[in-house]
Amino acid sequence: MGEARFFLGLEICRSKDGIVLSQMQNPEAYRRLLGRLLYLGFTRPDICHGTQQLSQYMQHPNKSHWDAALHLVRYLKGIANRGLLFNADDDYELQAFCDADWASCQDTRRSLTGYCIFIGKALISWKTKKQATVSRSSAEAEYRSMANTTCELTWIFNLLRNLQIHPPTPVPLHCDNQAALYITANPVFHERTKHIEIDCHLIRDKYKEGFISPVHIASKLQPADLFTKALPGPRFSYIVSKLGLVNILPSPT
């Protein structure tokens, strides 16, 4: 078999002075693979959470990260014939769904924001992103997710208006956390919310303007779950079926 050159993501170089262990080669290959996966993510929202998780280890990937990336590649190979459907109709109603996974990062304990936005039945925007600061509760994490989604909604709404498309308002903003919805409707700041005052003002202003309408949605019906956590197979397949991903070619053999 010869002498080992790679082991558990380490490159092994031998010389007359001894053995040098480095990670000069594998990180670059890992980055190239992740770059390709991120590019595919422009039309594949079903890999958004996976690529976000893997992209955190660009500098120092190990064997477990490689295995996870290759698992994602195998998933894509099995269903490479999917694409996003944009329906041929004149339904311009916007709908937004947002979620958060509280303190999910093991290193920083920051939460994940996930959202998806539809125009009619067509998915037009989605994101998985680690929040900038640590949230003290799940309600706070969900509220920050609502704020991020509201900013994206505002941008999309203004873009559509520039294209002479006028979506109806208020835009439903679906959240599965009752406490976060209560913060939106409660006009009083107190010690539990004053540290997220900017987000509070943003959402409340848009709520008072009649731009958004916060709506509670049952967790089992929340499509934004896909963008905040790894889901079991049946639930993953159920949510993917709601995102407008359709088969465009015969399945690969």
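Residue numbers (the UniProt record's numbering): 1 to 253. We treat Cβ as the ideally placed atom computed from N, Cα and C, and that holds for glycine.
(Q) Threshold first: 4 residues or longer. Then list the alpha helix (DSSP H) segments lying entirely within the region 48-123, N to C. (A) 48-54, 63-78
Q. Among 146, 226, 159, 221, which one has its Cα closest to the Cα of residue 201?
A. 146
Q. Using the C-alpha atoms, what's the distance from residue 112 back to residue 61?
A. 21 angstroms
Q | Under 7 angstroms between C-beta atoms of residue 69 and residue 84 | A | no
Q: For residue 72, count neighbouring Cβ atoms within 10 angstroms of its own Cβ and tell me buried if that reaches 16, exposed if not.
A: buried
Q.
Would you call the region 212-222 in contact with the region 119-129, where contact means no fewer than 3 C-beta pairs closer than 8 angstroms?
A. no
**Q.** Where the alpha helix (DSSP H) through residue 212 begins and ends
**A.** From DSSP, residue 212 is part of no alpha helix (DSSP H) but of the beta strand (DSSP E) over 212-216.
Q.
For the region 222-240 against the region 161-173, do three or more pairs of beta-carbon atoms, one drawn from each stretch, fall closer than 8 angstroms, so that the two count as touching?
A. no
**Q.** Coarse secondary structure for residue 240, derived from DSSP in three states
**A.** helix
Q | Spatial distance of residue 94 from residue 150 (CA atoms) | A | 12 angstroms
Q.
Contact defined as beta carbons within less than 8 angstroms: I believe residue 214 pairs with residue 181. What is the distance between those atoms, to the nearest angstrom?
A. 5 angstroms
Q.
Using only the alpha-carbon positions, how far apart do residue 254 and residue 177 sit?
A. Summary: the structure shown does not reach residue 254, with the chain confined to residues 1 through 253, and so no result is reported for it.
(Q) Using a 10 Å radius around the Cβ and a threshold of 16 neighbouring Cβ atoms, would you call residue 39 buried or exposed? (A) exposed
Q.
I need the DSSP call for residue 18, collapsed to helix, strand or coil.
A. strand
Q. In its own chain, which residues sit with a C-beta less than 8 angstroms from the C-beta of residue 34, not counting the 5 before and 5 after it?
A. 51, 54, 55, 58, 69
**Q.** Check: residue 78 C-beta below 6 angstroms from any heavy atom of the ligand MG
**A.** The ligand MG is absent from the structure shown, which contains no ligand whatsoever.
Q.
Do residue 154 and residue 210 have their beta-carbon atoms positioned less than 7 angstroms apart in this structure?
A. no
Q.
Please state the DSSP three-state secondary structure of residue 173.
A. strand
Q | Through-space distance from residue 75 to residue 152, alpha-carbon basis | A | 29 angstroms
Q) For chain B, is any of its Cβ atoms less than 7 angstroms away from the one on residue 222? A) Looking at the structure shown, chain B is missing, and only one protein chain is on hand.
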